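Right, one structure below, let's go through it.
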Amino acid sequence: MRTADAASRDSALVPAILAAAYWLAPPLLCFALYWHGLLVWFQADDFAWLALRFDVHDAHSLLHALFAPMAQGSIRPLSERAFFLVFESLFGVNPLPFRICVFLTQCANLTLLAAVTRRLTGSRFAGFCAAILWLINSSLVVPMTWASAYNEILCAFFLLMAFWFLLRYVRTGRTSDYFWQWVAFLAGFGALEVNVVYPALAAAYTLLCARKYFRSTLPLFIPSIAFAIAHRFAAPQQASGVYALHFDRALPATFLTYGRWALVSAYLPQSFHGMVQDVLLTALVLVLFGFIIFRAYRRDWLPLFCLAWFAIVLAPFLPVRNHISDYYLVLPTLGLAMLGGYALARVWAQPLPWKLAALALAAAYAEPMVRFDWTVSAWWLNRTLEVERMVLGVVRAHQLHPDKAILLDGVDSAAFWSGMVHHPFRIFGISDVYLVPGSEAYIESRPSDGTVSDFVLPSGPALHAAKGDRIVVYHLGPQRLKAITSAYEEAAFQRFAPEAPHRVDAGNPLMEYLLGPEWYPPEGGSRWMPRRATLRIGGPRSTSEKLYLMGFPPPHASQATVPLRVTVDGIALPELRLDLTGATFNAALPLPDQVVGKPEVQILLETDRAVHTETDTRELGLNFGIFEIR
Amino acid sequence: MAIEATRRQLLVSSLALCFAACHTATPDLTGFTEEEPPRLSSSISASDPGAAAQLLSGWEPTEGNPWRWTDPRFSAVLRPSPGSSTRGATLQFHFFLPDGEMSRLNELTLSASIQGFRLAPESYRTVGEAVYEREVPAAVLSGDSVRVDFALDKPFVPGNGDPRALGVIAKRLSLETK
């Protein structure tokens, strides 16, 4: 009896273990492959989202923070705004809970993809293969290592969830499945704009594989069209810059680039085994298209739908030809993974040579993908840890020296462009952090992303601040920030001259010595002058250089424009009228030839207009930010 | 039902513990910087308790004021400001002369030396804020610290039960690179 019971238990246990392994293997592989992503710190756009909480004061500002178009006009209330607001509120500036959320969502995606593919193909093996093929695709590296790319992961979740309920609806005809498809679809708009393509996916599938349900997908287009119109009005299309849309002859080339990256890791340098890459790409394309054609000949349109998924989801990214990014393939490659899984499952029913050929091709796809997933995610980890060392080191330095500005030496291009340019210190309430003079020389220039010199404290103010014991200097080393104030200051006085800078930040206390006594104390990065004020600035180096002024109009300005008279070293420039209708006012003034070549010029600013408020009785003329001669 | 409720409470408690464990409002950042050894300041405020160690002799207690009386002779140690060993520096001593003192003394002369190098004296006749400012040659400013000695030509004895011999009301003493 005991033997029979044990045999019965064993016979029940084995399928249970296999079932568990089936569902658990992809998530476990996900943790094994991308574990670096669990340990990464914040970087780049993350700091803007972490600072979002400073904009939330009440219900109205919360709604604005959640739904107002930001960062290239994107509106992603769930995957970016709520994600950062909620997790930062709960856990502070601690990346681990963010990362755990990303990984758990991705585990759900892998489970959904396996389930969807299994339901589409009727093959458990196809579902398993699809999850693995998608997981190892190198387009996933960035979302698995960068919190701001969570939108891709969350959008995949909603797309797969909606499609899963569509498949259930096709199978059962239950209204509840149709309803939940709608819920998942509508929620997807909170993750990523590309969710608008879901109705096209649903329509394509039903048209090709479940014609009877095609009409039921048509209402799905209504929210997508409404979203597209609303988005166009709320976030006007960018006419220039890397995110500008181009509907031109570059579209096919962009499509082919993405197609290549979907099959051969985008991180593989072309020079590296270039021939092997081309052979692999050709083989994969031939096999996949051969499979699609062969199955279509058999009136099986599922492979064609999988290809359509890739093309449909990729389509919105194609006009952004100047910002081709591998992680835009996260959602399109879901279709290719289903296709690959299906193809492998069909081949698995063939004789051994077919199986071996399929295995060889799958291995040829997987090997570079896995290798570069590992390498690149480790690289991302190291990059964010450098940012962490810099940011938390500055926070510590501020704790130790709260009354002093912090100068950073040794900040390289990666730390600058992944960290400093995104103002990470403000989320800790620290503003006086600068690069040491001359840092521009060893940080790569990227005019489209920012200006390095805006973050550098010029030599004149640096020496002046050192004299007054108002700065501490740290070197960003491989382990931590190292204080080098004494040595740096001594060297700086040998190396630099105390010349007036060509860019004066009126709100920077370290540049106060360049301003006349008329100016009021700085307020949040800018400074008010009364009707008349003076300042010193480095003179123009050539006749082509101009004086640029930037400031901030008063809230509820009573006049649209205000006159300003500028005198340079006693030479009056033509009076100008500043436009006060924007968020900032700006002006560019040609300079008289007489002052060209002078190491320093005196600027006199005069305006007729001055305001007083009920709570502030000062004579407030204009509120200036930056003066620059360039 | 009771078991279900217990499980639910356990789940909620576990989640709360997880949140609490993850939430580090003020993380310990010790170790994120490697600091320099403590160094003397080249600019000290007479009332700053952190700078008290640099006031060598002849300084009265602050008594809670943002200034402190000196004796007729007083000394301090300063760090030469960065670059001063090659460019030289300016010694500045900001102080205050009260009405009671000046009405009794009429004129007061302050002389100083830095590392034994004598600086020109200066006489003061008016009540209120005053500054003693002298240029110091670079050669005097080598090393990590310099001693500054001040001397007044007359002491001020306030009287009214205060037998102390005082100097001036000191505010700030600094060396600034030229």
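Going down the list, the sequences are from chains A and B.
Numbering-wise, the first sequence is residues 1 to 630 according to this note's numbering.
Numbering-wise, the second sequence is residues 1 to 178 according to this note's numbering.
Just so it is clear, CB atoms sit at the ideal spot from N, CA and C, and this is done for glycine as well.
Given the structure is predicted, the values throughout are model-derived calculations rather than measurements.
Alpha carbon to alpha carbon, how far is residue j from residue i? Give it in angstroms, no decimals.
i        : j        : result
A/ILE629 : B/GLU176 : 29 angstroms
A/LYS404 : A/VAL472 : 6 angstroms
B/ILE169 : B/LEU56  : 16 angstroms
B/THR62  : A/GLU388 : 43 angstroms
A/ASP45  : A/PRO574 : 42 angstroms
A/ALA108 : A/PHE158 : 10 angstroms
A/ALA583 : A/LEU339 : 50 angstroms
A/THR175 : A/ILE222 : 19 angstroms
A/VAL183 : A/ALA162 : 8 angstroms
A/VAL456 : A/LEU407 : 9 angstroms
A/PRO26  : A/LEU110 : 6 angstroms
A/LEU334 : A/THR206 : 18 angstroms
A/SER448 : A/ALA587 : 21 angstroms
B/THR24  : A/ARG99  : Confidence at B/THR24 is low in this model, with a pLDDT of 49, below 50, so the placement of that residue should be treated as unreliable; the coordinate-derived value is given next. Rounded to the nearest angstrom, the two C-alpha atoms are 16 angstroms apart.
A/GLN479 : A/ALA487 : 19 angstroms
A/ASN195 : A/VAL504 : 46 angstroms
A/ARG249 : A/PHE255 : 11 angstroms
A/PHE416 : A/ASP432 : 16 angstroms
Please confirm whether residue i and residue j have their CB atoms less than 8 angstroms apart.
i        : j        : result
A/SER419 : A/GLY525 : According to the sequence as given, residue 419 of chain A is Gly; it is not Ser. Against a cut-off of 8 angstroms, the Cβ pair of A/GLY525 and A/GLY419 comes out as no contact.
A/PHE84  : A/CYS101 : no
B/VAL136 : B/LEU78  : no
A/TYR258 : A/LEU186 : no
A/ILE484 : A/ALA234 : no
A/GLU512 : A/ALA533 : no
A/GLY190 : A/LEU78  : yes
A/ALA345 : A/SER123 : yes
A/GLY410 : A/PRO530 : no
A/ARG609 : A/VAL566 : no
A/GLY460 : A/PRO522 : no
Please classify residue i: is it buried, with 16 or more other beta-carbons within 10 angstroms of its beta-carbon, or exposed?
i        : result
A/LYS467 : buried
A/ALA228 : exposed
A/THR631 : Residue numbering for chain A in the displayed model covers 1 to 630; residue 631 of chain A lies beyond these limits and cannot be assessed.
A/LEU13  : exposed
A/GLU614 : exposed
B/SER145 : exposed
B/ASN65  : exposed
A/MET369 : buried
A/ASP616 : exposed
B/GLN179 : A question about residue 179 of chain B goes unanswered here, because the residues of chain B that appear run from 1 up to 178.
B/ALA30  : With the sequence shown as reference, residue 30 of chain B is identified as Thr, and Ala is not the correct amino acid for it. So B/THR30 ends up on the exposed side.
Between the options, which has its C-alpha nearest residue i's C-alpha?
i        : options                                   : result
A/ILE136 : A/PRO199, A/ILE571 and A/GLU367           : A/GLU367
B/GLU107 : B/GLY167, B/VAL148, B/ALA120 and B/GLU60  : B/GLY167
A/GLY393 : A/TRP379, A/PHE428, A/ASP373 and A/LEU359 : A/PHE428
A/LEU198 : A/SER544, A/PHE310, A/SER445 and A/CYS209 : Before going on, a small fix: residue 198 of chain A reads as Tyr here, not Leu. Per the Cα distances, A/PHE310.
A/PRO260 : A/LEU167, A/GLN277, A/ILE225 and A/THR617 : Note that residue 260 of chain A corresponds to Arg in the displayed sequence, not to Pro. Nearest option by C-alpha distance: A/GLN277.
B/ALA138 : B/VAL148, B/HIS94, B/SER81 and B/TYR124   : B/SER81
B/TRP59  : B/ALA46, B/VAL131 and B/PRO37             : B/ALA46
B/ALA112 : B/THR90, B/PRO49, B/THR86 and B/PRO37     : B/THR90
A/THR543 : A/GLY516, A/THR567, A/LYS598 and A/HIS246 : A/LYS598
A/TYR169 : A/GLU193, A/ARG119, A/PHE317 and A/SER439 : A/ARG119
A/LYS212 : A/ALA345, A/LYS546 and A/LEU167           : A/LEU167
A/ARG295 : A/VAL347, A/PHE255, A/ALA156 and A/ARG565 : A/VAL347
A/GLU152 : A/GLY290, A/VAL264, A/PHE317 and A/ALA358 : A/PHE317
A/SER413 : A/ASP326, A/THR384, A/LEU329 and A/ALA491 : A/THR384
A/ALA363 : A/ILE132, A/TRP35 and A/LEU90             : A/ILE132
A/SER139 : A/LEU52, A/PHE289 and A/TYR34             : A/TYR34
B/GLU141 : B/ASP99, B/LYS178 and B/PRO27             : Checking the displayed sequence, the identity of residue 141 of chain B turns out to be Leu instead of Glu. Checked all of B/ASP99, B/LYS178 and B/PRO27; the closest Cα to B/LEU141 is B/LYS178.
A/PRO97  : A/GLU499, A/HIS612, A/GLY37 and A/TYR22   : A/GLY37
In terms of residues, what are the limits of the beta strand (DSSP E) holding residue i?
i        : result
A/SER123 : A/SER123 -> no beta strand (DSSP E), and no H or E assigned at all.
A/PRO563 : 561-568
B/ARG134 : 128-136
A/TRP374 : Note, A/TRP374: premise wrong, no beta strand (DSSP E); alpha helix (DSSP H) at 352-400.
A/THR145 : A/THR145 -> not in any beta strand (DSSP E); alpha helix (DSSP H) instead, spanning 141-145.
What is the residue span of the alpha helix (DSSP H) that residue i lies within?
i        : result
A/SER50  : The sequence given here places Leu at residue 50 of chain A; Ser does not occur at that position. Run containing A/LEU50: 46-50, per the alpha helix (DSSP H) assignment.
A/HIS64  : 59-67
A/SER224 : 221-234
A/GLU490 : 485-495
With hydrogens ignored, establish whether the beta-carbon of residue i is closer than 7 angstroms to any heavy atom of the ligand GDP.
i        : result
A/PHE294 : Looking for the ligand GDP in the displayed structure turns up nothing, as the structure carries no ligands at all.
_At a CB distance below 7 angstroms, what residues from the stretch 23-53 of chain B approach chain C? Give them in sequence order._
Among the protein chains of the structure shown, namely A and B, there is no chain C.
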